[in-house]
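**Q**
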Amino acid sequence: MSAGRSALPREQVRSRRRHLVPYLVMLPALLFLLAVSIVPLVYSLVVSLLRFNLMNLDRTGFVGLRNFQLILESPDFWNSLRVTALFVVIAVGLELVLGLALALVLSRDVPGIGFFRSFILVPLALAPVVVGLLWRFMLNTESGVLNWIVTLFGLPRLDFLSNTLLALPIIALVDVWQWTPFMFLILLAAIQALPHEPFEAAAIDGASTWETIVHIALPMLRYPILVAVLLRTIDAFRVYDLIFMMTRGGPINATDTLSWSVYNVGFRNFNMGYAAALSWIILIIVTVIVTIFIRLLSGRGEQPA
């Protein structure tokens, strides 16, 4: 009896040790995540509650939610929010339409299709800073290739990036040029994973290509589309590289996005408390957007039949 009782605890100890192994393996990664993500996040929250200007450290002190109040009362914040929302709608909307169209066209297995699929992915391999610099040269008033094309038709040269009406749409189109391949890649994989039976049945019933896409393909692609749009919305919402390389927030704040405002306030005016508070407001907005998409993906957004 005593031997049986002593063997049982030893088995329990071994079992517990085996269960601890996965947690011990994950511990270094969790500590790294804590160091690079959680700690800076908490620090930025603390800074957002302070009057903290690097040019006037003597006046540093606790101000509570004063920075958040100043942001919400600032017309510049609401302009930046409007500009960011407009950029996201234009860029992500066009990327979805073009990416889906390309995925539908290039999903067929025909000779040479692999080359076209690979060619479309080229812009995705470029860094956003490089893309911004490349397009700034192409849009240059004096030596840009686009203005050279304009002059071939006898039209006057256009200062694309200094026009308050054109600057933001043009930057959005540059974003579309770079990130449509990302949307294409996700949707192409989703289309190729669809079952063939519904499409074969539609062909037998005499459904047109348009009817097949609208009534069969799109409903089955709902969740991949939502995932692709979510990923691109999060990324587009924090656009900074293209703004920095092409317009620096101008002309007259026409391209002053929220991320650019954080940079401007924090690294030009050195008002770190205000910049940290603005970063937290951006985080809250993005979190709300992500929550909405997650509800849609989980099916909670569907109305009962």
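Sequence positions in the sequence shown follow the numbering used here and run 576 to 880. Using N, Cα and C, we set each Cβ at its ideal position, and we do this for glycine too. Every value quoted in this text rests on a predicted model; they were computed, and no experiment measured them.
Sort out for me which residues DSSP pairs R626 with in a bridge.
**A** Beta-bridge pairing links R626 to G636.
**Q** Report the option in A666, R593, W653 whose CA atom is closest to the CA atom of Q753.
**A** Of the candidates A666, R593, W653, the one whose C-alpha sits nearest the C-alpha of Q753 is A666.
**Q** Among P799, A777, L801, which has the Cα closest to the Cα of H790?
**A** Answer by Cα proximity: A777.
**Q** Roughly how many angstroms lie between the CA atoms of I860 and P603, to the nearest whole one?
**A** Approximately 31 Å, taken between the alpha carbons.
**Q** Please state if the CB of P744 and the CB of D816 are separated by a distance shorter than 7 Å.
**A** Cβ atoms of D816 and P744: not closer than 7 Å.
**Q** Report the rounded CA-to-CA distance for V804 versus M820, giving the unit in angstroms.
**A** Each residue's alpha carbon lies about 25 Å from the other.
**Q** What separation, rounded to the nearest whole angstrom, lies between the Cα atoms of L760 and M795?
**A** When rounded, the distance between both Cα atoms is 17 Å.
**Q** What's the C-alpha gap between I827 and A850?
**A** Rounded to whole angstroms, I827 to A850 spans 20 Å at the Cα level.
**Q** Specify whether the stretch 764-775 and the stretch 825-844 touch according to this definition: at least 3 beta carbon pairs, one from each stretch, less than 8 Å apart.
**A** Touching, no, given that fewer than three Cβ pairs across the two stretches are closer than 8 Å.
**Q** Using the Cα positions of F607 and S619, report the straight-line distance between them to the nearest angstrom.
**A** For F607 and S619, the distance between alpha carbons rounds to 18 Å.
**Q** Any idea if D684 is buried or exposed, counting beta-carbon neighbours within 10 angstroms, 16 or more meaning buried?
**A** Classification of D684: exposed, given that the 10 Å Cβ count is below 16.
**Q** Can you tell me which of the three DSSP states N828 falls into?
**A** Residue state, collapsed to three classes: coil.
**Q** Going by DSSP, name the residue or residues bridged to N846.
**A** In the DSSP output, where bridge partners are listed per residue, N846 has N628.
**Q** Using three-state DSSP, classify V658 as helix, strand or coil.
**A** Helix.
**Q** Should P650 go down as buried or exposed, given a rule of 16 or more other Cβ atoms within 10 Å for buried?
**A** Exposed.
**Q** Using the C-alpha atoms, what's the distance from V749 back to S718?
**A** Straight-line Cα distance between these residues: approximately 19 Å.
**Q** Are the Cβ atoms of A747 and T830 separated by less than 7 Å?
**A** No. Outside cutoff.
**Q** Is F819 helix, strand or coil by DSSP?
**A** Three-state DSSP puts F819 in a helix.
**Q** Are the beta-carbon atoms of L763 and S682 separated by less than 7 Å?
**A** Yes; because the gap between Cβ atoms is below 7 Å, this pair is in contact.
**Q** Leaving aside the five residues before and after E772 along the sequence, list all residues of the same chain whose C-beta is less than 6 Å from its C-beta, in chain order.
**A** So no residue of the chain qualifies.
**Q** Suppose contacts are defined by Cβ-Cβ distances below 7 Å. Is T832 in contact with T659 by that definition?
**A** Yes; because the gap between Cβ atoms is below 7 Å, this pair is in contact.
**Q** Name the two residues that bound the continuous alpha helix (DSSP H) containing R807.
**A** 797-812 is the span of the alpha helix (DSSP H), which, as asked, contains R807.
**Q** Between which residues of its own chain and G824 is the CB-CB distance below 7 Å, once the five residues before and five after are set aside?
**A** Contacts found: I818, T830, D831, W835, N839.
**Q** For the alpha helix (DSSP H) holding V751, just list the boundary residues, first then last.
**A** Where V751 is concerned, the enclosing alpha helix (DSSP H) stretches over 742-767.
**Q** Apart from the five residues just before and just after V617, which ones in its own chain have a Cβ nearer than 6 Å to its Cβ?
**A** No residues qualify anywhere along the chain.
**Q** Enumerate in chain order the residues of its own chain whose CB-to-CB distance from V663 is below 7 Å, with the five nearest sequence positions on each side excluded.
**A** Closer than 7 Å at Cβ, skipping near neighbours: T808, A811, F812.
**Q** Could you check the C-alpha separation between D867 and I857 for me, to the nearest Å?
**A** Checking the sequence, you will find Ile at residue 867 rather than Asp. Distance between the alpha carbons of I867 and I857 is about 16 Å.
**Q** For S873, which of Y798, F845, V725 has the nearest alpha-carbon?
**A** Residue Y798 is the option with its Cα nearest to S873.
**Q** What's the C-alpha gap between F757 and G636?
**A** Each residue's Cα considered, the two are about 45 Å apart.
**Q** Helix, strand or coil, according to DSSP, for G707 in the structure here?
**A** Of the three classes helix, strand and coil, the one that applies to G707 here is helix, per DSSP.
**Q** Taking the continuous alpha helix (DSSP H) assigned at T787, which residues delimit it?
**A** Segment 784-787, the alpha helix (DSSP H) holding T787.
**Q** So, are the CB atoms of V751 and L669 less than 7 Å apart?
**A** Cβ distance < 7 Å, so V751 and L669 count as in contact.
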